[in-house]
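Chemist: In order, the protein sequence lines correspond to chains Y and P.
Here the working numbering is used: the first residue of the first sequence is 3, the next is one more, and so on.
Here the working numbering is used: the first residue of the second sequence is 549, the next is one more, and so on.
We put the CB at the ideal spot given by N, CA and C, even for glycine.
If you scroll down you'll find the structure; I have some questions about it.
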Amino acid sequence: MRCWADTARDMTDMPTISPDSAAADSWEVAGRRFTSRLIVGTGKYKDFEQNAAAVEASGAEIVTVAVRRVNISDPNQPVLMDYIDPKKITYLPNTAGCFTADDAIRTLRLAREAGGWDLVKLEVLGEARTLYPDMRETLKATEVLAKEGFKPMVYCVDDPIAAKQLEEAGAVAIMPLGAPIGSGLGIQNKVTIRLIVEGASVPVLVDAGVGTASEAAQAMELGCDGVLMNTAIAEAKDPIRMARAMKHAVLAGRDAYLAGRMQQRKYADPSSPLAGLI
Amino acid sequence: MSESISITVNGETRRSSATTVAGLVREIGLKPEKVAVEHNGEIAPRSTLEDVPLKEGDQLEIVHFVGGG
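Okay, here's the thing in structure tokens:
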């Protein structure tokens, strides 16, 4: 008896998790294995200390970073790498602020040169107001990057066809937005996220729009392999606490998904026996 | 006799007496291993920075990682 959540991936695809092997759940992207399914950004924090503490509380093993010009007039400013060790945490360079494929490709070539990493996050934006992805430029950039040996995790619209095209072009992960970047509006279209999960052969992570813990759990219950977020943690009143909440939310959502949820009913079905009433 | 040349770094013109890109990076006060350099529109691999000559009018972008989403 299958319920709607079961169709997200064929039940036979799901790993058998025995009750005490929760630690065995892991995921793989571009041949790299990770335990944490939460990726966090490093922007908008009060300072590097708070940023580092939030990353620690979140349990994230991957953080996104931006590539920007060095401040020539103050070259000895403290840098992110002094607070979040790239040898312990995987740095995922992004292309935030890029509105063309050429800019994004150029940025990632520089990022690879600076850090030696080929696992990268590609985002090519269409406009500043909505920060919605420009899918035409995104697809172009994905093709070029894949040919140059990059492993792009690609920020995209929640369109199942576009997701497939990106995968065919060489995306190592599909990262549909739940709602606009920084909006905290949550997962606006559960149907399309589920369709993308069903059709993908690479990991799917909701990237953008998550605002609070239940929304992260929701993404995981839809069958996503992970969630990527920045503002939800950085702009919470207590970012460290929210980071912890998100860690639990992702774990809870993943367990709920693997547990196979109950079927929904239109009406009631009592939990207590009807026989033996006094 | 140390001549200085005029180059553009991160959009600003400046004078430099460095003769190689690595020399320029150090002259600015940066560590070559913490940055990436684009020299006249092309990535300058870190291993070549000591060998790439700096010339009058060169345009460079020097970047590093900062916080971002």
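1) Straight-line CA distance for tyrosine 47 of chain Y to glycine 617 of chain P?
2) With a threshold of 8 Å between beta carbons, is isoleucine 591 of chain P in contact with chain Y?
3) Going by alpha carbons, who is nearest to glutamine 190 of chain Y out of Y:Asp161, Y:Ala116, Y:Gly151, Y:Pro88?
4) State the DSSP-derived secondary structure class of alanine 24 of chain Y, mapped to helix, strand or coil.
5) So glycine 128 of chain Y and aspartate 136 of chain Y are supposed to be a Cβ contact under 8 Å. How far apart are they, rounded?
6) If I measure Cβ to Cβ from threonine 233 of chain Y and keep anything under 7 Å in the same chain, skipping five residues before and after, which residues do I get?
7) Quick one: what's got a C-beta closer than 6 Å to alanine 7 of chain Y's C-beta in the same chain, skipping five residues either side?
8) Just by C-beta distance, which residues in the region 584 to 612 of chain P are closer than 7 Å to chain Y?
9) Using a beta-carbon distance below 8 Å, is isoleucine 576 of chain P in contact with chain Y?
10) With DSSP run on the structure shown, which of helix, strand or coil describes arginine 267 of chain Y?
11) Can you pull the chain P neighbours of methionine 244 of chain Y, defined as C-beta to C-beta under 8 Å?
12) Note down, in chain order, each residue of its chain lying with its Cβ closer than 8 Å to the Cβ of valine 204 of chain Y, except the 5 sequence neighbours on either side.
13) Mind listing the chain P neighbours of arginine 70 of chain Y? Cutoff is C-beta to C-beta under 9 Å, in chain order.
14) Express the C-alpha separation of leucine 253 of chain Y and alanine 26 of chain Y in angstroms, rounding to a whole number.
15) Against chain Y, with Cβ distances strictly below 8 Å, would valine 557 of chain P count as a contact?
Modeler: Short version:
1) Here residue 47 of chain Y is taken as the residue at index 45 of the first sequence, counted from 1. Here residue 617 of chain P is taken as the residue at index 69 of the second sequence, counted from 1. Answer to the nearest angstrom: the Cα atoms are 11 Å apart.
2) Taking the second sequence and counting its residues from 1, one reaches residue 591 of chain P at position 43. By this cut-off, isoleucine 591 of chain P is an interface position.
3) Sequence index remark: in the first sequence, residue 190 of chain Y carries index 188 (1-based). Taking only the C-alpha atoms, the option nearest glutamine 190 of chain Y is Y:Asp161.
4) Your numbering for residue 24 of chain Y matches position 22 in the first sequence. Interpretation of alanine 24 of chain Y is limited by its pLDDT of 49, a score under 50 that renders its predicted location unreliable; the figure taken from the coordinates is listed afterwards. If DSSP states are grouped into helix, strand and coil, alanine 24 of chain Y belongs with the helices.
5) Taking the first sequence and counting its residues from 1, the one referred to as residue 128 of chain Y is at position 126. Taking the first sequence and counting its residues from 1, the one referred to as residue 136 of chain Y is at position 134. Confirmed, Cβ separation roughly 4 Å.
6) By one-based count along the first sequence, residue 233 of chain Y stands at place 231. A distance below 7 Å between beta-carbons, with the five flanking residues on each side excluded, links threonine 233 of chain Y to the following residues of its chain, in chain order: Lys46, Gly184, Gly186.
7) Taking the first residue of the first sequence as 1, we reach residue 7 of chain Y at position 5. Below a pLDDT of 50, predicted positions are generally treated as unreliable, and alanine 7 of chain Y, at 44, falls in that range; the measurement from the model is reported next regardless. Closer than 6 Å at Cβ, skipping near neighbours: Arg263.
8) Along the region 584 to 612 of chain P, the positions whose C-beta sits under 7 Å from a C-beta of chain Y are Ala584, Glu586, Ile591, Pro593, Arg594, Glu609, Ile610, Val611, His612, read in chain order.
9) Here residue 576 of chain P is taken as the residue at index 28 of the second sequence, counted from 1. True, the Cβ-Cβ gap to chain Y drops below 8 Å.
10) Translated into the one-based positions of the first sequence, residue 267 of chain Y becomes position 265. Of the three classes helix, strand and coil, the one that applies to arginine 267 of chain Y here is coil, per DSSP.
11) Stepping through the first sequence from its first residue, residue 244 of chain Y is reached at position 242. Residues of chain P passing the Cβ test: none, with the nearest at roughly 15 Å.
12) The count along the first sequence starts at 1 and reaches residue 204 of chain Y at position 202. Closer than 8 Å at Cβ, skipping near neighbours: Val31, Glu169, Ala173, Val174, Ala175, Ile176.
13) If you number the first sequence from 1, residue 70 of chain Y lands on position 68. Those are Val611, His612, Phe613, Val614, Gly616, listed as they occur along chain P.
14) To locate residue 26 of chain Y, count along the first sequence from 1; it is residue 24. To locate residue 253 of chain Y, count along the first sequence from 1; it is residue 251. The alpha-carbon of alanine 26 of chain Y is positioned some 12 Å away from that of leucine 253 of chain Y.
15) On the second sequence, residue 557 of chain P is found 9 positions in, with the first residue counted as 1. By this cut-off, valine 557 of chain P is an interface position.
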